[in-house]
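In what follows, a structure is listed as structure tokens, so that the remarks can point back to it.
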Amino acid sequence: MMQFALHGRPRSRLRLGRIAVAVLLALLTAAGLAASAQAATYTVGTNNDVAGACAPSSQTCSLRQLIEYENQLPATPSPPDAILVPANSYSLSNGALLITQTLAIIGAGARTTSVGVPAGIPAQRVFEVKPPANGGESPSVVIAGFEISGGTANESNGSFGGDVYNSASLVLNEDWITQGSASSGGGISNDTGVMAVQHSLVSRNHATSGGADSGGIQNHGSAGAPGKKAVLLVENSTIAENDARLGAGIFSWSDEPDGNEISVVNSTIAHNSTKEETGGPARGPGAGILVTDGTSFVVNSIVAFNSESTAEEPLTYTNCSTTVPGGTTGAITSLGYNLESGTDCGFQMTGDKQNGEPQFGSETPQNNGGNTDTLAPKPTSPAIDAIPTSSLFCANTDQRGVTRPQGAGCDIGAVESGNAVVIQTPPPPPAAPPTLVTTAPPSVVSTTSATFTATVNPHGLATTVHFEYGGTFGGATVAAITYGSSTPNQSVPADFANHTVTATVTSLLPNVVYHVRAVASNSAGSALGPDQILTTPADPPPPPPVLGKTANVAPVSGIVYVELPVGATLASFSPSALPLQAFAALTKGRAFIPLTEARQIPFGSILDTSAGVAHITTASVASARGKLQFGDFGAGIFKLLQRRRQRGLTELDIIDNHSARQVCASKGKRARAASGHPSSKVLGRLRVTSHGHFTARGQYSAATVRGTTWGVQNRCDGTLTRVVRGVLSVRDFRLRKTITLFTGQTYLARAPHR
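Each residue of the sequence shown is one higher than the one before, starting from 18 at the first, in this note's numbering.
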């Protein structure tokens with residue numbers, strides 16, 4: 018849990034009071050930003066460093082865009098707003114994140130959320146907190162739960178504060194400030210501002226140019242604004258492994274005689290180093306804490322193993338100093354229960370330990386639990402239980418969030434060890450599958466094309482999105498949907514923004530109900546959008562059929578398929594882009610296409626009406642007088658033909674099921690052996706109701722009519738013709754004779770004996 022308040026009880030010794038009042042006001046003001054349920058809360062939607070306008074409620078804005086939005090508000094919202102930053106890495110390339118409005122910026126934790134400047138970017142800070150340029154109200158800001166790294170400040174951008182610059186009121190809570198570089202304040206510069214560093218780690222920052230001072234934290238007063246001092250609180254934090262020419266850990270100095278104020282409470286300042294800089298002034302003492310102006314108060318803290326170093330000379334330990342050559346003199350005051358590895362800090366109040374050995378469990382900060390690394394003392398350390406429970410600051414939690422005390426007393430420094438059960442940092446949230454935020458209804462473009470749209474949030478993982486679609490034919494229900502076709506995958510970046518993805522498909526069939534859904538996938542799983550219905554419109558009716566060339570065909574019921582002659586083309590009859598259902602008849606060895614509306618097809622086409630009925634209209638010699646012939650044909654597969662010299666006679670050649678013919682050959686032998694006759698196994702069939710000049714041609718006979726209802730079957734033992742209503746003529750090919758059949762009669766043109 019992030020803490021946003023000064024710890025402790027009312028005190029009688031009020032030398033810390035001036036600092037506490039100023040800092041406490043800043044803390045409480047800023048704390049309300051994150052805690053208030055009424056504050057507007059916005060969530061960063063992308064880890065890209067995007068600038069410019071963005072609607073804050075869209076969940077697509079970058080961190081920079083949300084900060085810019087807040088900066089442009091005419092007044093501070095009441096209560097102030099908060100920006101939530103999901104776990105991710107946020108690299109800045111468009112300058113420092115300038116904050117001039119009161120708000121809280123809350124990350125998911127310093128171990129999972131980083132914001133910084135990548136290598137190769139010219140001098141650029143990470144965060145700048147300043148009063149607005151128009152002279153408006155100075156902001157109070159909380160920045161919590163981040164690793165902040167890689168910033169640089171030199172002469173080109175003001176020299177102060179590599180990672181963080183503050184000239185207003187700022188709370189850094191549960192942050193890791195690292196790898197910053199500056200002329201002054203490699204990690205942090207508090208320049209005439211009020212700042213609290215709580216439950217944080219400031220490490221591995223550098224001051225290597227210009228004045229080359231203040232490796233970890235600079236606390237600077239005035240800066241051209243007479244009477245303005247800098248106020249700094251470091252509480253339950255670790256400042257380690259920073260380097261500079263002067264004041265490697267903390268350096269506080271001012272242009273004003275009144276000086277600055279510093280409070281160091283329950284913290285650890287260790288292993289910081291002042292180093293010689295090429296061409297610069299000589300290094301100085303006070304590698305841990307250097308105060309040349311104003312006052313500093315230290316309580317319940319460890320200041321140890323800070324040093325001066327060169328390549329030629331032995332290491333010299335120098336924890337504290339209050340002077341630099343030619344400068345003014347400040348003061349470092351102990352309020353008790355401090356441990357220093359030397360004597361130069363002058364800690365001689367109640368409970369202070371000079372020339373002490375803190376017995377850290379590691380040379381460098383390690384993950385001992387919590388959101389930031391720490392220097393934890395061993396169980397034998399003199400820091401353990403050294404602070405009585407009655408002491409002012411023996412309360413609340415340590416840098417990691419462990420409750421104080423854990424033993425007979427509290428421990429000196431940033432870490433409460435004793436019998437503590439270390440609170441391990443919660444693992445980052447598991448990678449989440451994408452979310453299909455919305456799926457817009459499909460948009461019809463034409464009878465054969467449509468556009469699909471979906472909005473997807475990848476939840477920080479590289480994600481692909483595509484659309485599945487398939488048509489339903491002949492009254493198929495939703496339960497029978499097969500999404501047999503899909504659009505190509507489209508990639509969306511690994512961020513937390515909502516991305517709109519669209520795809521346009523062509524070669525759809527007209528007059529068809531399609532079912533569409535979006536599919537988003539990443540390494541954590543997949544998300545399926547809702548099934549949505551798209552109905553393509555029908556084409557205009559075809560022109561009249563042409564004698565001997567074309568026929569008009571329309572589905573009556575069920576599913577009807579058409580196979581065009583080799584070389585023939587029709588608009589949108591393109592099997593390569595059709596849904597899976599379009600290939601339902603491919604098992605028959607043919608490239609059939611579903612017939613979904615009235616079409617004009619060339620003669621020589623093959624129709625599959627095994628599961629449906631087709632209405633066929635053809636021309637005749639009387640068509641010039643407006644007379645057409647037509648019929649309904651179903652239950653079979655046939656080739657459609659018409660020859661001019663036969664006066665418009667339309668021929669339907671029945672095509673057998675070849676797998677059935679193979680069965681017929683094997684079973685026929687057994688049937689002939691038993692009865693002396695071939696099997697009556699059906700090979701192919703056709704049922705017809707017609708008005709006009711049509712003939713259905715089987716293997717052994719052809720039936721010709723002028724308006725009747727009949728059926729023809731190709732069987733193993735011959736071709737069987739049955740009249741349901743009317744009169745027809747049957748031509749027996751083997752006997753070379755014509756038989757007239759009436760309603761209810763049948764005729765079998767027998768197959769020759771083998």
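Backbone N, C-alpha and C define an ideal beta-carbon position, used for all residues, glycine too.
Backbone CA spacing between residue i and residue j [nearest angstrom]
i	j	result
H237	T285	21 angstroms
I672	T738	15 angstroms
A57	A99	6 angstroms
F21	S110	Confidence is the limiting factor: at F21 the pLDDT is only 35, short of 50, which leaves the residue's position unreliable and the question unanswerable from this model.
S192	R534	Residue identity check: residue 192 is Asp in the sequence provided, not Ser. Spanning the two alpha carbons is a distance of roughly 43 angstroms.
H710	L752	24 angstroms
A229	N277	20 angstroms
T519	A104	28 angstroms
Q235	D208	8 angstroms
L703	S502	32 angstroms
T335	S434	26 angstroms
E258	H288	5 angstroms
D428	T225	35 angstroms
Y107	T350	40 angstroms
S379	P139	35 angstroms
R300	Q82	42 angstroms
Extent of the continuous alpha helix (DSSP H) to which residue i belongs
i	result
Y86	L80 to N88
Contact check, residue i vs residue j, beta carbons under 7 angstroms
i	j	result
L101	I123	yes
D402	G373	no
V132	I165	yes
S269	I279	yes
V143	V158	no
S201	N171	no
I623	E580	yes
G197	G179	yes
V740	T757	no
T504	H483	yes
T706	D649	yes
G735	A713	no
G621	P560	no
G210	N183	yes
Q376	T391	no
Residue i burial status per 10 Å Cβ neighbour count (16 or more: buried)
i	result
N253	buried
H770	exposed
I576	buried
A766	buried
R732	buried
F513	buried
K245	buried
S593	With a pLDDT of 37 at S593, under the threshold of 50, the modelled position of this residue cannot be trusted, and the question is left open.
G69	exposed
G382	Residue identity differs from the one stated: residue 382 is Pro in this sequence, not Gly. P382 comes out buried.
G49	The predicted position of G49 is uncertain, since its pLDDT is 42 and thus under 50; no value can be drawn from it.
T521	exposed
R662	exposed
P302	buried
F655	buried
Proximity test, Cβ basis, 7 angstroms: residue i and chain D
i	result
P547	Any reference to chain D falls outside this structure, which holds one protein chain only.
Residue range of the unbroken beta strand (DSSP E) whose run includes residue i
i	result
A631	I623 to T635
L758	K754 to L758
T285	T285 to A287
L478	Per DSSP, L478 belongs to no beta strand (DSSP E) and is neither H nor E.
H710	V699 to R714
P459	T452 to S463
A213	V211 to Q215
K656	I654 to Q659
D749	L745 to D749
P572	T567 to E580
N58	Residue 58 is actually Thr in this sequence, not Asn. Per DSSP, T58 belongs to the beta strand (DSSP E) from T58 to T60.
Original post:
Does the stretch 306 to 318 touch the stretch 334 to 348, meaning 3 or more C-beta pairs lie closer than 8 angstroms?
Top reply: With a cut-off of 8 angstroms, the stretch 306 to 318 and the stretch 334 to 348 count as touching, because enough Cβ pairs lie within range.
**OP:** Mind the definition here: the stretch 469 to 479 touches the stretch 561 to 574 only if three or more C-beta pairs lie below 8 angstroms; say whether that holds.
**Re:** Flag = no, the stretch 469 to 479 and the stretch 561 to 574 do not touch.
Original post:
So does the stretch 495 to 514 actually touch the stretch 452 to 466, counting three or more Cβ pairs closer than 8 angstroms?
Top reply: Contact between the stretch 495 to 514 and the stretch 452 to 466 is absent, because fewer than three Cβ pairs lie under 8 angstroms.
Subject >> Validate contact between the stretch 317 to 324 and the stretch 345 to 364 using beta carbons, cut 8 angstroms, 3 pairs >> reply: Look at the beta carbons and you see the stretch 317 to 324 touching the stretch 345 to 364: at least three pairs across the two are nearer than 8 angstroms.
Original post:
Should the stretch 110 to 119 be regarded as contacting the stretch 71 to 88, the criterion being three or more beta carbon pairs within less than 8 angstroms?
Top reply: Result yes; three or more Cβ-Cβ pairs closer than 8 angstroms.
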